[in-house]
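Be aware that the sequence shown starts at 137, since it is given in this note's numbering, and climbs by one per residue.
All C-beta atoms, glycine included, are put in the ideal place defined by N, C-alpha and C.
One structure below.
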Amino acid sequence: MSSDAYDYEALGLVAGLEIHQQLDTETKLFCESPTDRREPADAERTITRFLHPTKSELGELDDAALEESRVDREFEYLAYDSTCLVEEDDEPPTEVDAEALDVAMQIASLLDMEIVDQLHVMRKLVIDGSNTSGFQRSMLLGQAGEIETSEGPVSIVDLLLEEESAQRVAEYDGGVRYSLDRLGIPLVEIGTGPDIRSPEQAKEAAKRIGMLLRSTGTVKRGLGTIRQDVNVSIEEGARVEIKGVQALDQIDEIVRLEVGRQSELVDIAEELQAREASVGETQDVTAVFEDTDSSVIGGALSDGGTVTAVPLYGFDGLVGREIQPDRRLGTELSDHAKRNGAGGIFHTDELPAYGVTDDEVAALREAVDAGDDDAVAIVAADPETADLAIEAAAERAETAIEGVPEETRDATDEGTTRYLRPLPGAARMYPETDVPPVEPDPSEIDEPELLTEKVDRYQAEFGLDSGLAEQVAYGRRMPLFEEAVDRGIDPTFAASVLESTVTELRRDDVPVENIADVHFLAVFDLVANDELAKEGVNDVLTVLAEQPDLTAEAAIEEAGLGGVDDEEVREIIAGVVERNADQVAEEGMGAFSGLMGECMAELRGKADGDTVSDVLREEIGKRS
């Protein structure tokens with residue numbers, strides 16, 4: 137069924153959002169390290185850890201942590217000259233960063249939330265290697281908020297202030313490499329209630345929250361600085377948490393495709409139950425493939441591996457059934473096998489293929505006592521991995537008979553999802569004893585102007601057109617624009633440079649990310665003081681992008697725009713008119729347009745257009 141054909145109300149769609157936004161503070165949440173990102177090549181040393189799950193205060197182990205621990209991996213961390221001992225887990229954390237707390241309270245206020253009387257820092261067990269300590273520090277700051285959407289209000293259940301995890305930068309044999317530059321950056325996690333009833337409402341709610349976050353002017357921008365998790369369920373399905381949605385524009389499609397996946401899984405479960413399907417015992421079927429031509433299976437066997445199989449009674453034709461674009465029930469089984477170290481599975485709904493012959497398929501069915509109505513899944517890997525992977529695939533097949541499993545899934549670039557881990561539970565939370573409680577003071581909150589309000593003000597106060605006003609207000613350089621205007625810079629000029637000019641340079645592959653705020657402000661000041669023509673701004677910014685250690689004044693010299701006075705400008709223009717004397721004599725002021733372009737090209741931004749225009753008209757007038 138097309139995703140557009142779903143009746144979401146009839147299916148009982150319920151969705152909620154968890155939005156994670158990094159804050160743009162000077163220092164990290166629990167130490168004095170800067171929040172600037174670094175290149176892995178800048179690392180000065182590495183740290184190695186092996187992480188294991190621990191029991192909660194009630195003696196319970198979290199299912200997600202337990203599954204993660206089954207894969208024995210080494211974790212390597214890249215440390216920099218800016219890395220502190222807290223990030224290395226070699227000393228206790230300091231007090232909560234005051235700037236981060238202020239920004240988080242601003243956000244809570246914008247979401248109409250009630251701020252708690254005391255913040256208590258908790259440890260959240262995380263053993264995927266993304267924290268050197270094996271846990272993430274988090275604290276509840278606000279509750280009971282609300283936002284409006286065109287389809288009705290959406291409640292904001294909670295807002296947490298927590299530390300960002302380390303970033304995974306590489307995988308190697310037996311391990312994962314993380315970078316510590318991101319670890320500890322202040323982060324707010326905003327959770328909505330299960331009030332969302334359509335994919336479009338999910339997208340609208342996420343956009344509204346994103347606008348409120350950016351209105352503070354103190355959140356980080358760019359890829360990876362904001363992540364949306366989407367919780368989706370339908371009445372006959374189950375709650376599924378989809379992690380790592382990077383793009384707002386993808387949220388509605390992800391919800392649609394998840395509804396489709398759950399609907400298909402419900403149909404498959406009904407069919408399996410009608411067939412009285414079951415999952416058999418896992419078996420070693422290496423002998424079936426001793427002389428195989430399959431490069432995948434043969435390669436595993438030549439390395440001392442085995443082939444394990446599980447009969448799926450009553451599953452014929454359903455393992456290969458598509459549940460999302462290019463994803464099938466068999467892909468779900470394969471995802472679980474991969475979590476246990478295998479490359480994936482083969483199953484009889486897709487065989488013979490991949491070098492596996494008809495005779496081998498027949499022999500496989502016979503070896504596990506599978507009939508025509510049954511399917512068989514196999515894994516080829518080293519003996520330990522093969523056993524773990526086929527058991528995981530078998531367990532997932534068991535849940536397919538029951539319906540839709542509750543789980544955490546990972547979003548793909550195509551809007552589909554893949555299995556990540558079980559849903560986490562309360563067993564992974566316990567108190568942090570190294571940080572004292574904090575009593576926030578809501579009376580000190582200075583609620584910022586909303587971006588929607590800024591757009592209106594920029595049009596009314598500065599005369600910007602609606603498009604440019606929206607670009608600036610929602611752009612990452614909005615605080616810089618306001619600082620420039622406060623310094624007396626023409627608003628239209630500043631806005632055009634920060635949005636249009638920067639976009640133009642980026643399209644020309646100029647590394648505009650290297651241009652610092654101080655560079656822009658210096659360039660604006662030079663233009664305002666008639667020391668740089670507006671026409672030279674592109675060239676100067678290009679030099680600063682390529683040589684960010686230069687001052688704006690030095691960049692003018694580097695661009696060849698310095699040292700031109702009014703008399704020299706007049707001489708250059710007079711020379712252009714002289715070379716085109718015949719045209720001027722014939723056309724008079726009609727020659728102006730063509731000569732203007734020639735003058736500007738020769739001056740190359742050494743004089744502004746208004747000055748060149750005035751002088752050119754005078755010189756043409758002298759010869760008319």
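Per-residue burial, residue i [other beta carbons within 10 Å of its own, 16 or more giving buried]
{"i": "ALA201", "result": "Any answer about ALA201 is weak, because its pLDDT of 46 lies below 50 and its placement is not dependable; what the coordinates show is given next. Buried."}
{"i": "ASP508", "result": "exposed"}
{"i": "GLU298", "result": "buried"}
{"i": "PRO567", "result": "exposed"}
{"i": "GLU671", "result": "buried"}
{"i": "GLU485", "result": "Just to set this straight, residue 485 is Asp in the shown sequence, not Glu. So ASP485 counts as buried."}
{"i": "LYS758", "result": "exposed"}
{"i": "GLU377", "result": "buried"}
{"i": "ASN650", "result": "exposed"}
{"i": "GLN364", "result": "buried"}
{"i": "PHE482", "result": "buried"}
{"i": "PRO627", "result": "buried"}
{"i": "LEU221", "result": "exposed"}
{"i": "ASP198", "result": "Reliability of the predicted coordinates at ASP198 is poor, the pLDDT of 49 falling under 50, and no value is obtained from them."}
{"i": "LEU246", "result": "buried"}
{"i": "ASP675", "result": "buried"}
{"i": "GLY358", "result": "exposed"}
For residue j and residue i, the rounded distance between their alpha carbons
{"i": "ASP439", "j": "GLY416", "result": "28 angstroms"}
{"i": "THR352", "j": "ALA664", "result": "29 angstroms"}
{"i": "THR163", "j": "GLU426", "result": "60 angstroms"}
{"i": "SER139", "j": "VAL395", "result": "With a pLDDT of 47 at SER139, under the threshold of 50, the modelled position of that residue is not reliable, and the figure given next carries that caveat. Computed Cα separation, rounded: 8 angstroms."}
{"i": "ILE155", "j": "VAL391", "result": "15 angstroms"}
{"i": "GLU307", "j": "ASP549", "result": "20 angstroms"}
{"i": "ASP309", "j": "LEU524", "result": "18 angstroms"}
{"i": "LEU634", "j": "VAL608", "result": "8 angstroms"}
{"i": "THR569", "j": "GLN337", "result": "40 angstroms"}
{"i": "GLU372", "j": "VAL402", "result": "7 angstroms"}
{"i": "PRO447", "j": "ALA511", "result": "6 angstroms"}
{"i": "PRO615", "j": "PHE660", "result": "15 angstroms"}
{"i": "SER269", "j": "LEU319", "result": "11 angstroms"}
{"i": "GLU531", "j": "GLY480", "result": "15 angstroms"}
{"i": "ILE708", "j": "SER749", "result": "13 angstroms"}
{"i": "PRO322", "j": "THR230", "result": "13 angstroms"}
{"i": "GLN157", "j": "ALA383", "result": "13 angstroms"}
{"i": "THR678", "j": "LEU641", "result": "7 angstroms"}
{"i": "ILE526", "j": "LYS474", "result": "10 angstroms"}
{"i": "VAL751", "j": "ASP601", "result": "31 angstroms"}
{"i": "VAL705", "j": "VAL638", "result": "28 angstroms"}
{"i": "SER266", "j": "THR161", "result": "21 angstroms"}
{"i": "VAL432", "j": "VAL492", "result": "10 angstroms"}
{"i": "VAL424", "j": "GLY346", "result": "56 angstroms"}
{"i": "LEU731", "j": "ARG753", "result": "10 angstroms"}
{"i": "ILE622", "j": "VAL673", "result": "The displayed chain sequence assigns Asp, not Ile, to residue 622. When rounded, the distance between both Cα atoms is 20 angstroms."}
Residue of the options minimising C-alpha distance to residue i
{"i": "ILE537", "options": "PHE451, TYR216, THR442", "result": "PHE451"}
{"i": "THR552", "options": "TYR216, LEU319, THR182, GLN386", "result": "GLN386"}
{"i": "GLY441", "options": "ALA405, ASN476, ASP518", "result": "ASP518"}
{"i": "ASP172", "options": "THR219, THR182, ARG209", "result": "THR219"}
{"i": "GLU534", "options": "PHE482, GLU412, ASP238", "result": "GLU412"}
{"i": "ALA410", "options": "ASP494, LEU454, VAL376", "result": "LEU454"}
{"i": "ALA236", "options": "GLU224, LEU165, ASP645", "result": "LEU165"}
{"i": "LEU559", "options": "TYR449, MET249, LYS379", "result": "LYS379"}
{"i": "THR354", "options": "GLU585, PRO461, THR637", "result": "GLU585"}
{"i": "GLY603", "options": "ALA631, ALA669, ASP462, ARG554", "result": "ALA631"}
{"i": "ALA302", "options": "LEU296, GLU458, GLU284, ASP264", "result": "ASP264"}
{"i": "ASP226", "options": "MET249, ARG185, ASP495, ASP233", "result": "ARG185"}
{"i": "GLU224", "options": "PRO647, ILE183, LEU159", "result": "ILE183"}
{"i": "GLU175", "options": "LEU159, ASP143, ASP217, ILE326", "result": "ASP217"}
{"i": "VAL571", "options": "SER729, PRO228, VAL713, LEU153", "result": "PRO228"}
{"i": "LEU149", "options": "GLU325, LEU261, ASN476, ARG375", "result": "ARG375"}
Cutoff 8 angstroms: residue i Cβ touching any chain B Cβ
{"i": "LYS164", "result": "This model lacks chain B altogether; it includes just one protein chain."}
Legend entry - At least 3 beta-carbon pairs within less than 8 angstroms: the region 543–553 vs the region 496–504: With a cut-off of 8 angstroms, the region 496–504 and the region 543–553 do not count as touching, because too few Cβ pairs lie within range.
Legend entry - the region 267–280 / the region 586–595 touching (three or more Cβ pairs under 8 angstroms): As far as the Cβ criterion goes, the region 267–280 does not touch the region 586–595, which means the pair count is below three.
Legend entry - Start-end ranges of the beta strand (DSSP E) lying completely within the region 443–475, minimum 3 residues: 458–460, all fully within the region 443–475.
Legend entry - Three-pair Cβ contact test at 8 angstroms for the region 212–226 versus the region 327–347: No, because fewer than three Cβ pairs between the region 212–226 and the region 327–347 fall closer than 8 angstroms, the two stretches do not touch.
Legend entry - Secondary structure, beta strand (DSSP E): runs of 3+ residues fully inside the region 502–590: For secondary structure counted as the beta strand (DSSP E) over 3 or more consecutive residues, the region 502–590 holds these complete runs in sequence order: 511–517, 543–547, 553–557, 565–567.
Inset, instruction - Please list the segments of the alpha helix (DSSP H) lying wholly inside the region 651–730, counting only runs of 4 or more residues, in order along the chain. - result: Fully enclosed alpha helix (DSSP H) runs of 4 or longer: 653–664, 673–682, 688–694, 702–715, 717–723.
Inset, instruction - Examine the Cβ distances between the region 166–185 and the region 418–425 and report whether three or more of them are shorter than 8 angstroms. - result: The region 166–185, when compared against the region 418–425, does not touch it at the 8 angstroms Cβ threshold.
Legend entry - Completely contained alpha helix (DSSP H) runs for the region 594–656, where each covers 4 or more residues: Runs of the alpha helix (DSSP H) lying entirely within the region 594–656 and spanning at least 4 residues, in chain order: 602–610, 614–622, 627–632, 638–643.
Legend entry - Length at least 4, wholly inside the region 313–352: the alpha helix (DSSP H) runs in chain order: Segments of the alpha helix (DSSP H) lying fully in the region 313–352: 335–351.
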